[in-house]
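Okay, so here's the structure we're looking at.
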Amino acid sequence: MSLLELRNLTRRFDDFVAVDDISLTIVKGEFFTLLGPSGCGKTTLLRMIAGFDTPDSGQILLDGNDITQLAPEKRPIHTVFQSYALFPHMTVAQNIAFPLQMARVAPAEITGRVSRAIEEVRLSAFAQRYPHELSGGQKQRVALARGLINRPRLLLLDEPLGALDAKLREDLQRELINLQKEVGITFIFVTHSQDEALALSQRVAVMNKGRVEQLDEPSIIYSRPASRFVADFIGKINLLDAQVTQLTEASMKLQVASLGMITLPAIKGVAMGDRGVIAIRPEQISVRNTTEPLETIYSFAGKVLDFLYVGDVTTYVIELTNGARMEALLANATPGVARFFEVGDTVTVTWPEAAVQFMKD
58 MSLLELRNLT RRFDDFVAVD DISLTIVKGE FFTLLGPSGC GKTTLLRMIA
108 GFDTPDSGQI LLDGNDITQL APEKRPIHTV FQSYALFPHM TVAQNIAFPL
158 QMARVAPAEI TGRVSRAIEE VRLSAFAQRY PHELSGGQKQ RVALARGLIN
208 RPRLLLLDEP LGALDAKLRE DLQRELINLQ KEVGITFIFV THSQDEALAL
258 SQRVAVMNKG RVEQLDEPSI IYSRPASRFV ADFIGKINLL DAQVTQLTEA
308 SMKLQVASLG MITLPAIKGV AMGDRGVIAI RPEQISVRNT TEPLETIYSF
358 AGKVLDFLYV GDVTTYVIEL TNGARMEALL ANATPGVARF FEVGDTVTVT
408 WPEAAVQFMK D
């Protein structure tokens, strides 16, 4: 069931188009993420949903009602910011209670609702502490509890984990997922972090230059990016220039820079002569300590140029004999072995046909 509908939203700042004719439908109870680099328009879009900014054209519908011109305080929407925005002179309980007090809720009801909210974010032992006595993660939990206390129809989260360290960010990601399922409120999450978007979301809208480049489930966006931008922005990937040279209903032949001619299943919307790239994820590449050709379509000899060891995995940069440079990501699964290959090692690189995707420009 649709909760929020954005119809042809556009927002300009002088000659700069921050949001360019965006239409989206967000489902009730969904964890939805707006993902993109700085300046892509995601925060401007969030601000228009919240009512802090007004579109130059288009409509915002909540539960079928047009709220485009409605003041922020009249929208059943709450925003959680990266800065937490807690009152320093109020305790945890008082910060969480503040929206209820502003709504003139009866004191007895406030006490009960605040107690439940504090339990939901696991801060019962900190109810009487002040913000300066809390860690970053605890402050973020207080901000979440305050955002949920009125049970808004929609909770907007503007880079809420950006100021936290990596371990705490990972812990809070799990808590956010569980909390959203528990309360059943629709979350719209804004981030530039691909990892956060993939881990948290049911659907992700990848934004670039004010437009949505791709809208889909995280697994589809990662495994089947719709454009060169999405492929390059979401995780590590190998991109090689290619051109369609032969095309039938079942297959297409591509001339690929440094690799030569390859054959892939035909895809819709591709015509003879189309230029683009083939994309291969590093983790889909196998590396073997041999220069003997293997019985596979994609088998190339190469030399290790560099590597990056990060504990559980190592990324190898390999130059193939035909000149192409590829990155391969290998798990460090052997106890006591930090890496499998050294700089200068000759190797054979392979990947399955299913790992290759063509995207036209």
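Under the working numbering, the first residue of the sequence shown is numbered 58, with each subsequent residue one higher. Each residue gets a CB set at the ideal place from its N, CA and C atoms; glycine is no exception. Being a predicted model, the structure only gives us computed values, none of them experimental.
{"Item": "Thinking just about the alpha-carbon of each residue, which of Gly96, Asn122 and His249 is nearest to the one in Arg64?", "Value": "Asn122"}
{"Item": "For the ligand GTP, I want to know if Lys293 counts as a neighbour, meaning its beta carbon is within less than 7 Å of at least one of the ligand's heavy atoms.", "Value": "The ligand content of the structure shown is nil, which means the ligand GTP is not present either."}
{"Item": "Which whole runs of the beta strand (DSSP E) in the region 176-256 are 3 residues long or more, in chain order?", "Value": "211-215 and 243-248"}
{"Item": "In chain order, what residues of the same chain have a beta carbon less than 6 Å from the beta carbon of Asp418, not counting five sequence neighbours either side?", "Value": "Arg332 and Gly333"}
{"Item": "DSSP state of Leu304, grouped into three classes?", "Value": "strand"}
{"Item": "Where in the region 78-126 do unbroken runs of the beta strand (DSSP E), each at least 3 residues long, occur, reported from the N-terminal end onward?", "Value": "88-92 and 114-119"}
{"Item": "Less than 8 Å between the beta carbons of Thr67 and Asp77, yes or no?", "Value": "yes"}
{"Item": "Can you check whether the CB of Val367 is closer than 8 Å to the CB of Ile404?", "Value": "The residue you asked about is not Ile; residue 404 is Val in the sequence shown. No, Cβ-Cβ distance for Val404 and Val367 is not below 8 Å."}
{"Item": "Quick one, are the C-beta atoms of Gly330 and Gln300 less than 8 Å apart?", "Value": "yes"}
{"Item": "As a quick exercise: from Ile106, Ala75 and Asp402, pick the residue whose alpha carbon is nearest that of Leu362.", "Value": "Asp402"}
{"Item": "Answer yes if the region 101-115 comes into contact with the region 176-193, meaning at least three C-beta pairs across the two stretches below 8 Å, and no otherwise.", "Value": "no"}
{"Item": "Pull up the distance between the alpha-carbon of Ile342 and that of Phe415, whole angstroms please.", "Value": "16 Å"}
{"Item": "Which class does Ile153 belong to by DSSP, given the choice of helix, strand or coil?", "Value": "helix"}
{"Item": "Which same chain residues, not among the five before or five after Ile206, have their C-beta less than 8 Å away from its C-beta?", "Value": "Ile153, Ala154, Pro156, Leu157, Arg170, Val171 and Ala174"}
{"Item": "Is the beta carbon of Phe144 less than 8 Å from the beta carbon of Asp215?", "Value": "no"}
{"Item": "Whole-angstrom Cβ separation of Pro335 and Val413, contact assumed at under 8 Å?", "Value": "Rather than Pro, the amino acid found at residue 335 in this sequence is Ile. The pair is a contact, with the Cβ atoms about 5 Å apart (cut-off 8 Å)."}
{"Item": "Output the boundary residues of the beta strand (DSSP E) element that contains Arg20.", "Value": "What is shown of the chain runs 58 to 418, which leaves residue 20 out entirely."}
{"Item": "Let me know if Arg231 comes out buried or exposed under the rule of 16 or more other beta-carbons within 10 Å of its beta-carbon.", "Value": "exposed"}
{"Item": "In the DSSP output, which residue or residues are listed as bridge partners for Arg447?", "Value": "Missing from the structure shown is residue 447; the chain here goes from 58 to 418 and no further."}
{"Item": "Since Ile277 is in the alpha helix (DSSP H), which residue starts that stretch and which ends it?", "Value": "Pro275 to Ser280"}
{"Item": "Which of the three DSSP states is assigned to Arg161 in this structure?", "Value": "coil"}
{"Item": "Does the region 91-106 touch the region 259-268, meaning 3 or more C-beta pairs lie closer than 8 Å?", "Value": "yes"}
{"Item": "Compute the Euclidean distance between the alpha carbons of Ile167 and Ala150, then round it to the nearest angstrom.", "Value": "10 Å"}
{"Item": "Using the rule of at least 16 other Cβ atoms within 10 Å of the residue's Cβ for burial, across every protein chain shown, is His135 buried or exposed?", "Value": "buried"}
{"Item": "What residue range is occupied by the uninterrupted beta strand (DSSP E) comprising Ser345?", "Value": "Before going further, note that residue 345 is Arg rather than Ser in the sequence given. Per DSSP, Arg345 belongs to the beta strand (DSSP E) from Ser343 to Arg345."}
{"Item": "Return the chain-ordered list of same chain residues with a C-beta closer than 7 Å to the C-beta of Pro188, the five sequence neighbours on each side being excluded.", "Value": "Leu143, Pro145 and Lys196"}
{"Item": "Is Glu130 helix, strand or coil when you go by DSSP?", "Value": "helix"}
{"Item": "Three-state secondary structure (DSSP) at Val261?", "Value": "strand"}
{"Item": "Between the Cα of Gly255 and those of Val240, Lys238, Thr243 and Glu227, spot the shortest distance and give me the residue it belongs to.", "Value": "As written in the sequence, residue 255 is Leu, which differs from the Gly given in the question. Considering only alpha carbons, the answer is Glu227."}
{"Item": "Below 8 Å on the Cβ atoms is my guess for Pro209 versus Pro133; work out the distance and round it to an integer in Å.", "Value": "5 Å"}
{"Item": "What is the DSSP secondary structure of Asp363, reduced to helix, strand or coil?", "Value": "strand"}
{"Item": "Taking the DSSP output, what are the residues bridged to Tyr373?", "Value": "Phe364 and Ala385"}
{"Item": "Can you find the residues in the same chain that come closer than 8 Å, C-beta to C-beta, to Val269, ignoring five residues on each side of it along the sequence?", "Value": "Ile79, Leu81, Ala262 and Val263"}
{"Item": "Considering only the beta carbon of each residue, do Gln312 and Thr305 sit closer than 8 Å?", "Value": "no"}
{"Item": "Which whole-angstrom value describes the C-beta separation of Ile7 and Leu213, a residue pair presumed to lie in contact below a C-beta threshold of 8 Å?", "Value": "Look at the range of the chain in this structure, 58 to 418, and you will see that residue 7 is not part of it."}
{"Item": "Can you grab the Cα-Cα spacing for the pair Val240 / Ala202, in whole Å?", "Value": "11 Å"}
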